[in-house]
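First up is the structure itself, then whatever we jot down about it.
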Amino acid sequence: MIKDTKNSEHYQWGSGCDGWHLVQSSSLSIIQEKMPPGSSENLHYHNSAQQFFYILKGSAVFELENETFEVREGQGFHITPKKKHRILNQSGQVLEFIVTSEPKSHGDRINL
């Protein structure tokens, strides 16, 4: 089945951020997300889920276990379970990315 933001379940989070569930099962989640300039996610971790973020447009800053990483368009970032992390858009442009979680991260998130 062809999936895109027009035919996938949409949700909003944070301050003006959008997400679309492209694949949603108990063992796999693939989400396309969009973050406006200056937005960020709360620090958290997942007990079981590993995640891979692939940047489609813009530049993301990841905080991972007290380290900071800048990830640019066309690059990805892997986060293993139990690692404290968050994504930030510190740029002046919209950030778009795909986040793949295995197993799904919803219900597995511990906010800090």
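The UniProt record's numbering puts the first residue of the sequence shown at 1, with every later residue one more than the last.
We treat Cβ as the ideally placed atom computed from N, Cα and C, and that holds for glycine.
query = Is there contact between the segment 48 to 55 and the segment 72 to 90, where contact requires at least three CB pairs shorter than 8 Å?
reply = Flag = yes, the segment 48 to 55 and the segment 72 to 90 touch.
ask   = Apart from the five residues on each side of it in sequence, which residues of its chain come closer than 7 Å, Cβ to Cβ, to threonine 5?
value = Walking along the sequence shown from the start, residue 5 turns up at place 5. Excluding positions up to five away in sequence, the list reads Trp20 and Gln32.
ask   = Taking 6 Å as the cut-off, does the CB of phenylalanine 53 come closer than this to any heavy atom belonging to the ligand SAH?
value = Questions concerning the ligand SAH fall outside what the structure shown contains, since it holds no ligand whatsoever.
query = Can you name, in chain order, every residue of its own chain whose Cβ lies under 6 Å from the Cβ of serine 15, other than the five neighbours on each side?
reply = Taking the sequence shown and counting its residues from 1, one reaches residue 15 at position 15. Counting only Cβ-Cβ distances below 6 Å, and skipping sequence neighbours, we find Ser39.
inquiry  = Judging by CA-CA distance, which residue of Leu28, Pro37 and His106 is the nearest neighbour of valine 94?
reply    = As a working mapping, residue 94 is identified with position 94 in the sequence shown. Nearest C-alpha to valine 94: Pro37.
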